[in-house]
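In what follows, a single structure is set out as structure tokens and then discussed.
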Amino acid sequence: MRWTNVVVSVASLCLSCLASSTPSSLTSISRRNGGTKQESVRYLYRGAKRSPQEIRARGGFRPLGPNWSDNPQAFSIDRHFIAGIGGSDLDQDSFEEFETAYVSFSREQAFASRYGSWLYEVHATRNVLDPSDVYVYPDAEVFALGGVRWSQVVRFKWLHDQNSEWMPNPEYAKDVWENSPVSGTQTDVPKQLLDQDEGNWEKTEARETAIEYMGRSDMKASLGEFPHRFEAYPVREDIPGPREVPPRQRVVFTEEEIQQREEFFKWLNMCKRDDSSCLFAKGGKDKLALSEHDDFVRLSEELASKDFEHLAIKFGVAKLVEHHEKLSLSDLHGLSKGYKPIATSTIRRVKVWGARALTVPLLGLYAKDVVDVFSKDTTALDRAAVVTSIVPFVGCGVQAAANVQNQQTDLADTALCLVGDALLLTPAWPLGLVVHFSRFFLDAVRDYFHITNLFHQDTVKKQETEGWLAYCEEVNKYIQSSVFEANIRTQYMAELAVVVSRASQARAELMLGAEKLVRANSTTEEAREKIREDVRDKMGLIEQLICFRAASTKEGLRTTFRQALKRWMLNQHEQYMVNFYRALRHEAVNRTSTSELGFVKSLDAHVLAMKSLDEPSTVVPTGTLDSLGRAIDGHIDRLQTPSPCQVVYKIVPPVDGSEEELVTSRRRA
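Residue numbering for the sequence shown follows my numbering, starting at 858 and increasing by one per position.
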């Protein structure tokens, strides 16, 4: 994400900054304009999930990734910041593949204590970069280039005790670090490390600058060679190890807070019924005053859940559950989220939302991030949970048992069934159903496998070709069927459900960010009105993005099915040939009274010669592929465009000599 460009055109489907009327003040994340210079500090803080025993075992706070020192991108401070503002999120295992040369700390104990279960105080050295004189990052964040050693940890404490006390680190090298010539943070940060242009992150300048900086004589004398070596410590019983995090206490709201929340959600439901964008009503500041105890994740989930139901009905996704007795819109929302942990981008917005002072510039970047993430985060989604819950499917084992029970014991095509199960986890899962049905296609053409004159080449080839054409016709009938069309429609709606789920989450986060700024005492009525207008635009833009995704999903499915179907037909031809010649060889062996090795060899040579006569270009008849392609196109074309997206643009001719006007009108459903 590129944070320097806070004004991005709507044509590129990105969000312009909220306070675009004053762009000079928004050219970065709270770019500093003069004022008192930031002083170097000696002590820093970090909240983390890992216990002192675990941090000690690693030799301290180490940068993430096995090859970070060779990765040019790892040396960009802005890239590190985007991956997770501040504390504990880079401790999570889900970030194992991310590489960074930095470990985040905060100048302020209060900020650091919001992340993780343990709070650490460390002695800073000049490898800790504080760019506050150029860019003011939220949470007073600073960046330790190469990490911080265990011997620099002054003390630590467990944050879940009611009156938690600091525990001194018995291995803190006080004499070394307090008398070090490089003690304290570095506030004069090389500009190459602060480049916010994403296009430059892969260049070598930042890495070369960092190596040069860390290679200065005073740095090498005090900190050693770069990258640093982290000492392995033997086990000590007096260093605290992992502890169980106590259950989270339920927030108890006052009667006033309960009333405020009820009024807020009542207002939210009213604005949905009149088909508005669920934005802040003029003069509605008091109704938006939510409890200070509400944390971002819980409240955004609550808002997103309500907004999902509204958007699901509005965009037609609710039809997925109309005929499904055991699936509600709430269930669909949960499935559409894929039960994934909070993404890095959400963690980042949690921290911005929780900042001490949410300014208009910071909200602008926050809002840009919300829409940017939504517009990019719907291309690699897990649809399997949604699809397999909406369309219950009988697996191979169950179906095989049922066949045996019904005295249908031909299980020779179990491999095809397993391939079908695998395809259920891909975007082209309806083709997985085709593979399952291919067992029945083979049954329909087995009569072609019985040949009277086994060694007559023309007869065998004629029978093989006719059988394959009959097989293609069975496939064609199914692809054109209403059953297959319903499967494609479900696939489309399931993918759209995921998009709507992400949109509801984005809208909820956008409302929360704006709500916090609206209720700030320092915000004027004029500023609040500007926020309302801009948020209205951004909420509308998110709906436009849903429409964009709906259209691109349809075309993506068209391409996917056309390409996958062609590959699948080639695979089916191979499978058909295996079955055909396996049956031919079986008949030949059964008809002869001899089991001589010479006969078997001549039979195998004959089968091989027959197979070699096949022309690759005629494996799948052109007419069959064209017919299948037209069927796919027909199914895709009949997918209904969501009602809010049925907009027609037309040019209205002038009636008074003025310029032509571009207007929009909504199609009738």
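Virtual Cβ for every residue (Gly too), placed ideally from N, Cα, C.
All values derive from a computational prediction rather than experimental measurement.
With residue i and residue j assumed to form a contact (beta carbons below 8 Å), what rounded beta-carbon distance in angstroms separates them?
i: TYR977; j: PHE1013; result: 5 Å
i: VAL1174; j: LEU1414; result: Not confirmed; about 16 Å, so no contact.
i: LEU1080; j: VAL1033; result: Contact doesn't hold; Cβ gap of about 11 Å is too wide.
i: PRO923; j: ILE1096; result: Rounded, the Cβ-Cβ distance is 26 Å, inconsistent with contact.
i: VAL979; j: ARG903; result: 7 Å
i: SER1016; j: ILE934; result: A small fix is needed here, since residue 1016 is Leu in this sequence, not Ser. Not confirmed; about 27 Å, so no contact.
i: TYR900; j: VAL1011; result: 7 Å
i: VAL1005; j: PHE918; result: 5 Å
i: VAL898; j: ALA1030; result: Not quite, the Cβ-Cβ distance comes to about 19 Å (not below 8 Å), so this is no contact.
i: SER1008; j: GLU1028; result: 6 Å
i: VAL1357; j: PHE1172; result: 6 Å
i: VAL1092; j: SER974; result: Not a contact, Cβ separation roughly 21 Å.
i: PHE962; j: ALA1001; result: 6 Å
Can you check which of these residues, the options, is closest to residue i by C-alpha distance?
i: ARG1064; options: ILE1170, THR957, ASP1483, GLY1041; result: THR957
i: ASN1057; options: GLU1022, PRO1099, GLN930; result: GLN930
i: TRP925; options: VAL960, SER1037, SER1500, ILE1489; result: VAL960
i: ALA1400; options: VAL979, PRO920, PRO1501; result: The sequence shown places Glu at residue 1400, not Ala. Nearest option by C-alpha distance: PRO1501.
i: GLU911; options: ARG1359, GLU1094, MET1076; result: GLU1094
i: GLN1337; options: SER908, THR1481, ASN1036; result: THR1481
i: VAL1476; options: ASP1018, ASP996, THR1322; result: THR1322
i: ILE1493; options: ASN1428, ARG1424, PHE1418, LYS1458; result: PHE1418
i: ALA1360; options: TYR1438, HIS1167, GLU1022, ASN1036; result: HIS1167
i: GLU896; options: GLU1069, GLY1041, MET1426; result: GLY1041
i: TYR1328; options: GLY1397, ALA1078, PRO1478, ALA1408; result: PRO1478
i: GLU1330; options: ALA1407, ALA1078, ASP1483; result: ASP1483
i: GLN1362; options: VAL1102, SER1037, ALA1169; result: ALA1169
i: PRO851; options: ARG1406, ASN1428, ARG1442; result: Because residue 851 is not part of the residues shown, which for the chain are 858 to 1526, the question remains open.
i: GLN1429; options: ARG1393, ASP1391, ALA1462, TRP1325; result: TRP1325
i: ALA1078; options: SER1037, PHE932, ILE1388; result: SER1037
i: ASP1018; options: PHE1087, ARG1100, THR1061; result: ARG1100
i: GLU1088; options: PHE932, ILE1388, ARG913, THR1316; result: ARG913
i: LYS1176; options: ALA1351, ASP1315, ASP1052; result: ALA1351
i: ASP927; options: MET1426, GLU1062, SER970; result: GLU1062
Can you name, in chain order, every residue of its own chain whose Cβ lies under 7 Å from the Cβ of residue i, other than the five neighbours on each side?
i: ALA1365; result: SER1157, LEU1160, ALA1161, ASP1164
i: MET1368; result: LEU1160
i: ARG936; result: GLN930, TRP1058
i: GLY1003; result: PRO920, ALA958, ASN984, MET1071, PHE1083, PRO1084, HIS1085
i: GLY1098; result: SER908, GLN910
i: ALA1237; result: In this prediction, ALA1237 scores a pLDDT of 32, lower than 50, which makes its location untrustworthy; the coordinate-derived value is nonetheless stated afterwards. Correct list: empty, nothing qualifies.
i: ASN1026; result: VAL1010, VAL1011, ARG1012, PHE1013
i: LEU1496; result: ARG1346, TYR1349, LYS1411
i: ASP1075; result: PRO1038, VAL1039
i: ALA1067; result: PHE932, ALA958, LEU1002, LEU1050
i: LYS1060; result: PRO929
i: LEU1427; result: VAL1476, VAL1477
Leaving out five residues before and five after residue i in sequence, what residues of the same chain have Cβ atoms less than 8 Å from its Cβ?
i: ARG1439; result: none
i: ALA1408; result: THR1498, CYS1502
i: GLU1022; result: LYS1014
i: VAL1464; result: TYR1438, LEU1441, ARG1442
Tell me which residues share the same chain as residue i and place their Cβ nearer than 6 Å to its Cβ, disregarding the 5 neighbours each side in the sequence.
i: VAL1261; result: The pLDDT assigned to VAL1261 is 38, lower than 50, so where the model puts this residue is not dependable, and the model offers no usable value.
i: PHE968; result: ASP996, ALA997
i: ALA1138; result: Because the pLDDT at ALA1138 is just 42, under 50, the model does not fix this residue reliably, and the point stays unresolved.
i: GLY965; result: A small correction: the amino acid at residue 965 is Glu; Gly does not occupy that position in the sequence shown. So the list reads ALA997, once near-sequence residues are dropped.
i: LYS894; result: ASP990
Completely contained beta strand (DSSP E) runs for the region 1004–1083, where each covers 3 or more residues: For the region 1004–1083, whole beta strand (DSSP E) runs of length 3 or above, ordered along the chain, are 1010–1015.
At a cut of 8 Å, does the region 1487–1494 reach the region 1328–1342 through at least three beta carbon pairs? At 8 Å Cβ cutoff, the stretches touch.
Validate contact between the region 1036–1052 and the region 979–993 using beta carbons, cut 8 Å, 3 pairs: In short, these stretches touch, since the Cβ pair count reaches three.
Are the region 1433–1442 and the region 1402–1412 in contact at 8 Å, needing three or more beta carbon pairs? The region 1433–1442 is not in contact with the region 1402–1412.
Just checking, does the region 1326–1336 make contact with the region 1383–1395 on the three C-beta pairs under 8 Å criterion? Inter-segment contact for the region 1326–1336 and the region 1383–1395 is absent: fewer than three beta-carbon pairs are separated by less than 8 Å.
Residue ranges of each alpha helix (DSSP H) within the region 1382–1455, 4 or longer: Runs of the alpha helix (DSSP H) inside the region 1382–1455: 1382–1448.
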